[in-house]
Amino acid sequence: MRDNIKLRIFINYLDELTRKYDEIFSLKEQLMKELQERATYDLLTGLYNRYALFDFLERELQRLKRKGKGKIYVVFLDLDNFKVVNDTFGHRKGDEILKAVAELLKENFRKYDIVSRFGGDEFVIVISDENGSCEINTLLSRVRKLIEEEFSPYSLSVSYGVAVAPDEGTDAYQLIQLADSRMYEMKNGKKGKTPPTIC
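Per our numbering: the sequence shown = residues 58 to 256.
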């Protein structure tokens, strides 16, 4: 009889330990998932962050090398006059606009293109073009027009620069840097000029 009581107590103890272990394991999995999301996504916009961007771009460039055909367009996009929005309407309104721009970008690029927030009011989009169809000019003009129309009360406009792999290199950092410098060329020479043609 005494042994049965001891056995039941021991079994209850094991059940309790198992339950606690399951709780801890479940909590650990949840924390790992949250850490993975924070390491991958921008907290404000929900877009990929710059670390995920570089990882994705490196993999796409490797795939391009293996296949030996196609192009990858790296688009560096910046919102013009965004500082004025923050200064005039406040950071809360600025954050709302960044979220809305992020949503607009997600809706207007393909699901398998990567749209990322590089930082501040800068976004980088990686577009794979296996067929060399070169629809990027039309796409970027449309996105630019949509943003400028949607946010016309805030006088927002868009400048962008594009680098093309493999034509201009296959190093992720250099391609982003080149697209960034071209974005500044567009921004600085904008008055009355049409956007650059990529291909």
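The beta-carbon is built from N, C-alpha and C at its ideal position, and this holds for glycine as well.
Check whether the Cβ atoms of M280 and S216 sit closer than 7 Å, and answer yes or no.
-> Given a span of 58 to 256 for the chain in the structure shown, any question on residue 280 remains unanswerable.
DSSP beta-bridge partners of S214 | For the purposes of this step, residue 214 is identified with residue 157 of the sequence shown, where counting begins at 1. Beta-bridge pairing links S214 to D137.
Backbone CA spacing between N204 and V172 [nearest angstrom] | Within the sequence shown, residue 204 is the residue found at index 147, counting from 1. Within the sequence shown, residue 172 is the residue found at index 115, counting from 1. Residue identity differs from the one stated: residue 204 is Ile in this sequence, not Asn. Between I204 and V172, the C-alpha separation is close to 15 Å.
Using a threshold of 7 Å, state whether the C-beta atoms of A220 and V142 are closer than that.
-> Translated into positions along the sequence shown, residue 220 becomes position 163. Translated into positions along the sequence shown, residue 142 becomes position 85. Between A220 and V142, the C-beta gap is not smaller than 7 Å, which leaves the two residues out of contact.
Spatial neighbours of L118 in its chain, beta-carbon cut-off 7 Å, leaving aside the 5 residues before and after | As a working mapping, residue 118 is identified with position 61 in the sequence shown. If we look at L118 and ignore the five residues flanking it on each side, its Cβ neighbours are I129, A222, T227, A229.
Best match in G176, Y211, K124 for proximity to K150 [C-alpha to C-alpha] | Along the sequence shown, read from residue 1 onward, the residue named residue 150 stands at position 93. Out of G176, Y211, K124, Y211 has the C-alpha closest to the C-alpha of K150.
Starting from D224, trace the alpha helix (DSSP H) both ways and give me its first and last residue.
-> The residue you call residue 224 lines up with position 167 of the sequence shown. In this chain, D224 is not harboured by any alpha helix (DSSP H), its DSSP state being neither H nor E.
G257 versus N245 - alpha carbon distance | Residue 257 is absent from the model: the chain starts at 58 and stops at 256.
Starting from the C-beta of K260, find all residues in its chain whose C-beta is less than 6 Å away, skip the five residues before and the five after it, and write them out in chain order.
-> Here the chain has residues from 58 to 256 only, and residue 260 is not among them.
Can a CB atom of chain C be found closer than 7 Å to the CB of K77?
-> Although the question refers to chain C, the structure presented lacks it and comprises just one protein chain.
Straight-line Cα distance separating T97 from N188 = As a position in the sequence shown, residue 188 is number 131, starting the count at 1. As a position in the sequence shown, residue 97 is number 40, starting the count at 1. Straight-line Cα distance between these residues: approximately 29 Å.
For F139, I'd like the list of residues in its chain whose CB is within less than 6 Å of its CB, leaving aside the five on either flank, ordered along the chain.
-> The residue you call residue 139 lines up with position 82 of the sequence shown. These residues qualify, in order along the chain: D178.
Straight-line CA distance for D22 to I81?
-> Residue numbering for the chain in the displayed model covers 58 to 256; residue 22 lies beyond these limits and cannot be assessed.
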